[in-house]
Every structure is written in structure tokens, then in C-alpha cells.
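One structure is given here, and the rest of the page talks about it.
Residue numbers (the numbering used here): 44 to 238.
Have a look at this one:
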């Protein structure tokens, strides 16, 4: 689709992803995303968590659908617009297609961070459960998460697994895969790094 004024207006009126963040009626401090709606594919999805969970879920859909651009509209719990952006999506695979097909990980770590931020959000789906292990981490050095060396990322994944009690005693070596979603609001780019 060519980036014309009409296309831009259409994307703002009918974004590909609409997200609504709600407050849990039982506990006003707990946020959960009531649903995420993908307009083009007519997919809806509910999940727990706030804006970070919402954006990470949208990023995973961008990855799964192999999209090159997308428009995202996010409303907070007061129904005010938090995010209304058109993103160019870049998928950066650090593995060959053949290696991706042959590798079956025990855990897939998903990281989301805003470009030039020292904090990141992570989510790890728990096998055999609908729940995820979520949290926020901090980068201790000045190297962005997407260009950290693999050893440092694996150390981070190991710490997360220990903190959330994800290690299985019957498995000697856990197979880990991870994706890093790097969002740059200033340049309207969404980079998805797959390792």
C-alpha cells in the first residue's frame, strides 16, 4: 500500500490493531488488556497485563503474520489514546530458515523495549499453561538489548527462569529461543530480532 494521505487517514480511522486496557473490577490497581483486535485478520485476543503486554502481543502478531507495516491504536483504562502510530516493521532473523525449522525450543522468551530505554519488558509462556511469566528488567550497561551478545541474553534468560521457577528438574539442558521487539516511536519503526 502506497503511503498516501487517504491511506494514512484510513489507517487512523481503521487501524490494523486496536487495544483496550481495562482495570480489573475486583482490584482497581490491577490492569489487564480486555482484548486486542486485528482488523485485517479479524482476530481478537484477551490477555492479562497493561500496555507492555498489549504491545508485545501485537509485536508477536506482526511477527506471525510477517507484516511489513501496521497501524496500532491503544486506549488506556480511561479510554484515552495512549498510542496511535503507523509502524514500518523490520524482521531481522539471526538464524537461517533451515535452523529455525529444525529447532524446537522448550521456552521462547519475548522481550519488548523502547529504543534508547534502559528498561525492558519480558514475557515467557509457561508450557502446558495459559499463563505467562512477565516482568520488567533493566539493562546495566549502555548496550541496547537488541545488540547485546547472545551469552548476555542467555544469562538474562537463566535469571528469569530461576526467578519464576521455570526450570524442570527432569531436563538437563533447556532449549531457549528469544525474540526482541525494539520499538522506535520517534522514527516509527518496529524491529523484530529473532535468535
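Quick reminder that beta carbons are idealized off the backbone N, C-alpha and C, glycines included.
Nearest by alpha-carbon distance to residue i: which of the options is it?
| i | options | result |
| --- | --- | --- |
| residue 192 | 165, 155, 207 and 236 | 236 |
| residue 166 | 109, 216, 154 and 86 | 154 |
| residue 162 | 108, 97, 145 and 178 | 178 |
| residue 60 | 92, 160 and 108 | 108 |
| residue 198 | 96, 120 and 221 | 221 |
| residue 151 | 103, 194 and 124 | 103 |
| residue 181 | 190, 160 and 201 | 160 |
| residue 233 | 88, 169, 90 and 105 | 105 |
| residue 127 | 218, 92, 147 and 117 | 117 |
| residue 95 | 194, 119, 204 and 208 | 119 |
Which two residues bound the contiguous alpha helix (DSSP H) that contains residue i?
| i | result |
| --- | --- |
| residue 107 | 94-107 |
Assign residue i to one of two classes, buried (16 or more other C-beta atoms within 10 Å of its C-beta) or exposed (fewer than that).
| i | result |
| --- | --- |
| residue 58 | buried |
| residue 64 | buried |
| residue 42 | It is not possible to answer for residue 42, since the shown part of the chain is limited to 44 through 238. |
| residue 224 | buried |
| residue 183 | exposed |
| residue 44 | For residue 44, the predicted structure reports a pLDDT of 47, less than 50, and the residue's modelled location is therefore unreliable. The matter cannot be settled from this model. |
| residue 79 | buried |
| residue 89 | exposed |
On the DSSP bridge assignment, give the partners of residue i in chain order.
| i | result |
| --- | --- |
| residue 219 | 150 |
| residue 179 | 164 |
| residue 156 | 225 |
| residue 128 | 115 |
| residue 133 | 234 |
Need the endpoints of the beta strand (DSSP E) that residue i sits in, please.
| i | result |
| --- | --- |
| residue 165 | 162-168 |
| residue 194 | Element bounds for residue 194: not the beta strand (DSSP E) but the alpha helix (DSSP H), 193-206. |
| residue 116 | 112-118 |
Is the beta carbon of residue i within less than 8 Å of some heavy atom of the ligand NAD?
| i | result |
| --- | --- |
| residue 160 | Ligands are entirely absent from the displayed structure, and the ligand NAD is therefore not among its contents. |
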